[in-house]
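2 protein chains.
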Amino acid sequence: MKLSQIGELALLRHIRQRFKKPSPNIIVGIGDDAALLKPVNKNLLVTTDMMVEGVHFNLSFITPYQLGFKLVSVNVSDIYAMGGKPKFLLINIALDKNTEENIFDDFFSGITDAMELYGLFLVGGDLSASDKGMALSATLIGYTKRYIRRFGAKAGNRIYVTGNLGDSACGLELLRKIKSPVSLASSKRRAKGKEHRVKSKDTLLYALRSKLSAKGLKWIDVEPLLRRHLMPEARHPEKFISNATSMIDISDGLLIDLSRLCDESKVGAKIYAKKIPISSELKKVASHLRISPIKLALSGGEDYEMLFTAHPERKVKAIYIGDITESERVIVDISGREKKFSAEGYQHFGIQR
Amino acid sequence: MKLSQIGELALLRHIRQRFKKPSPNIIVGIGDDAALLKPVNKNLLVTTDMMVEGVHFNLSFITPYQLGFKLVSVNVSDIYAMGGKPKFLLINIALDKNTEENIFDDFFSGITDAMELYGLFLVGGDLSASDKGMALSATLIGYTKRYIRRFGAKAGNRIYVTGNLGDSACGLELLRKIKSPVSLASSKRRAKGKEHRVKSKDTLLYALRSKLSAKGLKWIDVEPLLRRHLMPEARHPEKFISNATSMIDISDGLLIDLSRLCDESKVGAKIYAKKIPISSELKKVASHLRISPIKLALSGGEDYEMLFTAHPERKVKAIYIGDITESERVIVDISGREKKFSAEGYQHFGIQR
Chain A
1 MKLSQIGELA
11 LLRHIRQRFK
21 KPSPNIIVGI
31 GDDAALLKPV
41 NKNLLVTTDM
51 MVEGVHFNLS
61 FITPYQLGFK
71 LVSVNVSDIY
81 AMGGKPKFLL
91 INIALDKNTE
101 ENIFDDFFSG
111 ITDAMELYGL
121 FLVGGDLSAS
131 DKGMALSATL
141 IGYTKRYIRR
151 FGAKAGNRIY
161 VTGNLGDSAC
171 GLELLRKIKS
181 PVSLASSKRR
191 AKGKEHRVKS
201 KDTLLYALRS
211 KLSAKGLKWI
221 DVEPLLRRHL
231 MPEARHPEKF
241 ISNATSMIDI
251 SDGLLIDLSR
261 LCDESKVGAK
271 IYAKKIPISS
281 ELKKVASHLR
291 ISPIKLALSG
301 GEDYEMLFTA
311 HPERKVKAIY
321 IGDITESERV
331 IVDISGREKK
341 FSAEGYQHFG
351 IQR
Chain B
1 MKLSQIGELA
11 LLRHIRQRFK
21 KPSPNIIVGI
31 GDDAALLKPV
41 NKNLLVTTDM
51 MVEGVHFNLS
61 FITPYQLGFK
71 LVSVNVSDIY
81 AMGGKPKFLL
91 INIALDKNTE
101 ENIFDDFFSG
111 ITDAMELYGL
121 FLVGGDLSAS
131 DKGMALSATL
141 IGYTKRYIRR
151 FGAKAGNRIY
161 VTGNLGDSAC
171 GLELLRKIKS
181 PVSLASSKRR
191 AKGKEHRVKS
201 KDTLLYALRS
211 KLSAKGLKWI
221 DVEPLLRRHL
231 MPEARHPEKF
241 ISNATSMIDI
251 SDGLLIDLSR
261 LCDESKVGAK
271 IYAKKIPISS
281 ELKKVASHLR
291 ISPIKLALSG
301 GEDYEMLFTA
311 HPERKVKAIY
321 IGDITESERV
331 IVDISGREKK
341 FSAEGYQHFG
351 IQR
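Chains A and B supply the protein sequences, listed in that same order. Each residue of the first sequence is one higher than the one before, starting from 1 at the first, in my numbering. Each residue of the second sequence is one higher than the one before, starting from 1 at the first, in my numbering.
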């Protein structure tokens, strides 16, 4: 059934029913002019993000389920990057009135599964028609006593990342070859994930695996890269937080996000290409696609790992990739040569990757 | 200059510079992963709204300045409707990279003027390219100790509205005839409004006035209706608040919003057509356009007046339009006949006006 046959009020009732899970802090959730939350004696964190079809996502590459999941993760990552605990979510969605109901349902299943993963509550949002294409935005509210800013890095601090970089960008390159959405099984942590029910697509997945295999690519290498792009999970920074002097999440690419951190902290940075963590899957697949894995790791976006700095004497359970300097920003390449870097990476209205 | 020639980072710097007004409650504003606000010992209110080109607005009818102003007002109205004080704003904007810089500037001038009017601070948002057309969303955070819900109306309560209805819908009808954006002078309260500087458009305005005059319409009647549609001001409910048992803002039309209030409160309503407040301008212009003013007042959206209920013995400084009943929902027409009503009005994906 198409959304136009169901009507806005019925859709809203449906959403309200689905997300009526109670929280002791919610006085008024979905269904009034605004959400009303009890006061909490902690600093309040708020972040918002917009995702527009054709710019941030392409429904030929991503399933509505994955899109919903990703929209939540992206916002959670921003709250985590401040050292906070995300809690209350608001979702705006504008979509064509000829959209089929199952697309709408799958999108909200992705939202629901991500909410479960991160322990969130939906408290509001807006539902509307769109003239053409889908537009989404989410707002996430969190709380924290102690916070970590982009500002705070000092010369002599070490620079760390929390995991492999470039996987997501490589996943996107793969999708550009595959040219169709790929259903991914839910991870163990999302055991109730709705993606498993798309049985009819299993044949497609089988065909895809054969196709990849014919090209010498193994599903076991491809799947983690696709997952990093389609269903990224925000990195909880809890175990680093007591040591971090500054922090940012890597959403637009290491170089652009490190530049932002340096801009805010008014410092420079020296990073070592050979220290940038690259997954074995990325190495294999990138060489197959004839792309430089290090290039993807430096300039590819959407990895949602944390980038942070800490005093050199502190023990840090993360990957050391370089040092904060007074002012110059350089990357030492594999052969030991120093090159200056600037805010490269994805920039709307400007430099493209 | 086009936005693509300026680049995202330069635009963000520009916005950050423009909105760096300090507030003692903002620890971190624009420019980090999330905004960080000091705890306040009051209930927190959050609302969000999305506006999509071609659905919620048409740039052939509204100037970017008015659009920015309206986006803020719409959200302020939601916070007011809970009895709250709006405070912190986040804006998401997706627009074509070939957009001219002055459109972007004018949009933010509208945002700024509305922020000044309501005493708001911009603390975050997202800026991105769009494939086609403009998409906007805003999130507004407010605080309140006492709150008023849609739930709470009791049989025997009186129903009130805070001002004339139908003006905005009539303004929209006028714009459909005028078929071009109309610059409006800033009101006294927005003395620094940027609309005055568009001198080049004064000739257009003069031509428009002549055209209206030839049709027998006076600018003095037309202007307030256009203003209600293009630059609505949210109605501060302060003077009613101690008496209200339930409240909602009229964004989608009196009948649909009264139905919502009745649904939540599980009550009925009886309203009197002859008591619905209609401006003299609406009467004149609607008769000219051959539209029923009462129809616009009942089903037209975007008036942003408050609709609330109160005990009958309370003295209320608002317009009494009917009574809360046990369950039936009727409107008594001018000739005294009772008609049932349901949630008519604008509904996305469904019934159109």
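Cβ atoms here follow ideal geometry from the backbone N, Cα and C, with glycine treated the same way. The structure displayed is predicted, hence computed values, not measured ones.
Membership of B/Pro86 in the beta strand (DSSP E) is indicated by the continuous run Lys85 to Leu95. As for any beta strand (DSSP E) of minimum length 3 sitting wholly inside the stretch 27–55 of chain A, the runs are 35–37 and 43–52, ordered along the chain. Taking a C-beta distance under 7 Å as the contact criterion, B/Thr47 and B/Gly152 do not qualify as a contact pair. Proximity of chain A to B/Ile141 at the Cβ level (cut-off 7 Å) is accounted for by Val46, in chain order. Ranked by Cα distance from A/Gly171, the first of A/Leu225, A/Thr325 and A/Glu328 is A/Leu225. B/Ile220 is classed as exposed because its beta carbon has fewer than 16 other beta carbons within 10 Å across all chains shown. Cβ-Cβ separation between A/Leu90 and A/Gly142: approximately 13 Å, too far for a contact (criterion under 8 Å). Segment contact: the stretch 107–114 of chain A against the stretch 53–65 of chain A, three or more CB-CB distances shorter than 8 Å; contact assigned. The shortest C-alpha to C-alpha distance from A/Ala343 to any of A/Lys284, A/Lys295, A/Ser259 and A/Ile294 is the one to A/Ser259. With respect to the 7 Å criterion, A/Glu233 and A/Ser73 are classified as neighbours on the basis of their beta carbons. When secondary structure is reduced to three states using DSSP, B/Gly125 falls in the strand class. Inclusion of B/Val52 and A/Ser137 in the CB contact set at 7 Å is not warranted, their separation being larger than that value. For A/Val332, the uninterrupted beta strand (DSSP E) segment begins and ends at Arg329 to Val332. In the DSSP assignment, B/Met82 falls outside any beta strand (DSSP E) and carries neither an H nor an E. Against B/Arg329, chain A offers no close residue; the least beta-carbon distance is about 15 Å (beta-carbon pairs closer than 9 Å).
Residue environment: A/Gly31 is assigned as buried (16 or more neighbouring CB atoms within 10 Å of its CB, all protein chains considered). Residue contact with chain A for B/Lys315: absent (no Cβ-Cβ distance below 7 Å to any residue of chain A). Exposure of A/Ser180 is indicated by the presence of fewer than 16 other C-beta atoms within 10 angstroms of its C-beta. With respect to B/Leu45, A/Leu36 sits close: the two C-beta atoms are nearer than 7 Å.
Taking 7 Å as the threshold, the shortest C-beta distance from A/Pro64 to chain B does not fall below it. Taking each of B/Ile148, B/Leu67 and B/Ile27 in turn and checking the Cα distance to B/Lys85, the smallest one comes out for B/Ile148. Across the set B/Leu175, B/Thr144, B/Arg235 and B/Ile103, the C-alpha of B/Arg235 shows the shortest separation from the C-alpha of B/Leu165.
Taking A/Gly253 as reference, the option from A/Arg146, A/Met231, A/Arg228 and A/Ala169 with the minimal CA-CA separation is A/Ala169. Distance from the CA atom of A/Phe69 to the CA atom of A/Ser287, rounded to whole angstroms, is 29 Å. Taking a beta-carbon distance threshold of 7 Å, A/Tyr160 does not count as an interface residue toward chain B.
Contact annotation: B/Val267 and B/Ile324 have beta-carbon atoms nearer than 7 Å. Boundaries of the alpha helix (DSSP H) around B/Leu255: Leu254 to Ser265. In the three-state scheme derived from DSSP, where H, G and I count as helix and E and B as strand, B/Lys339 is classed as strand. Sixteen is the threshold: since fewer than 16 other Cβ atoms of the shown chains lie within 10 Å of the Cβ of B/Met1, the residue is exposed. The stretch 107–164 of chain A is shown to contain whole beta strand (DSSP E) runs of 3 or more residues at 121–129, 135–144 and 158–161, in chain order.
If you look at B/Leu307, you'll find it in the beta strand (DSSP E) that goes Met306 to Ala310. Of the candidates A/Lys218, A/Val316 and A/Lys339, the residue whose Cα lies closest to the Cα of A/Ser280 is A/Lys218. One finds Pro39 in chain A with Cβ atoms closer than 9 Å to the Cβ of B/Lys42, taken in chain order. Contact note: A/Ile27 reaches chain B through Asn43 and Tyr147, using a C-beta cutoff of 8 Å and chain order. Taking 7 Å as the threshold, the shortest C-beta distance from B/Asn243 to chain A does not fall below it.
The Cβ atoms of A/Val161 and A/Leu307 sit closer than 7 Å to each other.
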